[in-house]
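Participant: The opening position of the sequence shown corresponds to residue 1 in our numbering, with each subsequent residue numbered one higher.
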Amino acid sequence: MRRHRIRNRLGDLRIPTAFFGVPNISFDRSIVRSLMPVPETEVSRLARTNSFNADGFHMSSRARPGLATAMMLAALSGCGGAAGQAGQSGVGPAQSAGQSTTIEQVTSADPSSYTRADVDFMQGMIAHHAQAIVMTGLVSGRSSRPDVQLLARRIDMSQAEEIEIMQRWLGERGEEVPSPDDPHAHHGHHGHEMLMPGMLTEEELTRLAASRGLEFDRPFLEFMIRHHEGALVMVQQLFASGGGQDSEMFQFASHVDGDQRIEIARMHRLLGEMGTGNP
């Protein structure tokens with residue numbers, strides 16, 4: 001049941017373009033991707049109701065103008081180039097009144113069209129997320145700040161849910177499903193002895209585990225920011241390699257990108273508060 005709820009939350013999101021104050025039109029994925037990360041970040045904010053925004057609060061109606069602007073830009077870009085590029089880009093005729101553009105339409109692709117790059121991304125991100133959960137597991141009993149403890153719980157929940165999504169995606173396609181508990185999973189693809197972007201070394205984890213109070217909180221946030229930025233690099237590498245064409249794959253990678261950026265902004269704010277001596 002939990003897996004179905006997770007899937008529904010990411011897979012069944014419908015966003016009528018009329019909601020954003022723009023005409024109901026169709027536009028292809030390349031236009032959306034050309035505006036990364038702004039549209040995808042905003043879409044993921046709507047998709048994840050339990051995410052922080054940059055100010056540390058839940059998403060509200062005040063966040064809609066940013067997404068409206070992004071979607072307006074996408075719409076204008078699609079209209080401007082439709083006449084000369086329709087045959088190449090796949091931009092079709094405008095939809096009739098009353099129809100809406102959904103995430104599935106924007107990211108439409110053959111579900112079987114995933115690539116080796118997609119598989120490597122999912123397998124690698126499982127290991128990447130697993131280390132984030134190890135890091136959040138150190139917070140209890142070491143952190144002196146309730147806001148850091150709350151952030152850690154939210155990161156732990158979101159990363160665990162995303163691991164389930166990635167395992168399901170791999171399993172449904174008959175690919176190897178790595179265990180997040182695999183001691184070698186934190187290294188590069190195919191067992192190479194190289195950490196993935198942003199990941200902590202064993203020495204860094206040991207040093208973090210030995211810290212307490214502010215001497216823990218500050219390094220924890222700095223390490224987690226680096227870890228999240230590594231996930232952004234992995235998303236960029238995925239799209240640069242030609243991956244992310246699978247509909248669900250594109251949506252999930254965009255969601256990861258947006259969620260990590262929101263949490264990075266929150267952690268930078270917490271570090272700033274520590275610098276001013278705020279409790």
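Each residue gets a CB set at the ideal place from its N, CA and C atoms; glycine is no exception.
Under the rule that 16 or more other beta-carbon atoms within 10 Å means buried, what is Leu-214, buried or exposed?
Facilitator: Label assigned to Leu-214: exposed.
Participant: Figure out for me which residue from Arg-207, Arg-269, Trp-169 has the closest Cα to the Cα of Val-119.
Facilitator: The option with the nearest alpha carbon to Val-119 is Trp-169.
Participant: Could you tell me whether the segment 158-165 touches the segment 225-245, using the rule of 3 or more Cβ pairs below 8 Å?
Facilitator: No, the segment 158-165 is not in contact with the segment 225-245.
Participant: Cα-Cα, which of Glu-175, Phe-239, Phe-223 is closest to Glu-202?
Facilitator: Nearest of Glu-175, Phe-239, Phe-223 to Glu-202, Cα basis: Phe-223.
Participant: Quick check on Pro-146: buried or exposed, where buried means 16 or more other Cβ atoms within 10 Å of its Cβ?
Facilitator: That one is exposed.
Participant: Compute the Euclidean distance between the alpha carbons of Leu-270 and Leu-138, then round it to the nearest angstrom.
Facilitator: Looking at the two C-alpha atoms, the distance is approximately 18 Å.
Participant: Which same chain residues, not among the five before or five after Glu-175, have their C-beta less than 6 Å away from its C-beta?
Facilitator: Correct list, in chain order: Val-119.
Participant: Consult DSSP for Thr-206 and reduce its assignment to one of helix, strand or coil.
Facilitator: Thr-206: helix per DSSP, three-state reduction.
Participant: Applying the criterion that 16 or more other CB atoms from any shown protein chain within 10 Å of the CB defines a buried residue, is Arg-207 buried or exposed?
Facilitator: Looking at its Cβ environment, which holds fewer than 16 other Cβ atoms inside 10 Å, Arg-207 is exposed.
Participant: Mind checking whether Met-199 and His-128 have CB atoms under 8 Å apart?
Facilitator: Contact: yes.
Participant: Does the ligand FMN have even one heavy atom less than 7 Å from the beta-carbon of Met-122?
Facilitator: Because no ligand of any kind appears in the structure shown, any question about the ligand FMN cannot be addressed here.
Participant: Check this for me: beta carbons of Gly-258 and Phe-250, under 8 Å apart or not?
Facilitator: Contact flag unset, no.
Participant: Rounded to whole angstroms, what's the CA-CA distance from Ile-280 to His-255? Just pull it up for me.
Facilitator: This structure does not reach residue 280, given that the chain is present from 1 up to 279, and the question cannot be answered.
Participant: One question on the structure: do Leu-151 and Arg-261 come within less than 8 Å of each other, judged by their Cβ atoms?
Facilitator: Taking 8 Å as the Cβ cut-off, Leu-151 and Arg-261 do not qualify as a contacting pair.
Participant: So what's His-268 in DSSP terms, helix, strand or just coil?
Facilitator: Helix at His-268.
Participant: Taking a contact to mean a Cβ-Cβ separation below 8 Å, would you say Ile-165 touches Phe-252 in this structure?
Facilitator: In this structure, Phe-252 lies closer than 8 Å to Ile-165 by Cβ.
Participant: How big is the Cα-Cα spacing for Ile-225 and Thr-115?
Facilitator: One C-alpha to the other measures close to 29 Å.
Participant: Would you mind sorting Ala-210 into buried or exposed? The rule is 16 or more other CB atoms within 10 Å of its CB.
Facilitator: Exposed is the call here.
Participant: Is Glu-248 buried or exposed, if buried means 16 or more other CB atoms sit within 10 Å of its CB?
Facilitator: Glu-248 is buried by the Cβ-count criterion.
Participant: Note down the Cα distance separating Val-134 from Leu-221, rounded to an integer number of angstroms.
Facilitator: Distance between the alpha carbons of Val-134 and Leu-221 is about 14 Å.
Participant: Does the beta-carbon distance from Asp-217 to Ser-144 come in below 8 Å?
Facilitator: Going by C-beta atoms, Asp-217 is nearer than 8 Å to Ser-144.
Participant: So for Arg-154, helix, strand or coil by DSSP?
Facilitator: In this structure, Arg-154 counts as helix in the three-state DSSP scheme.
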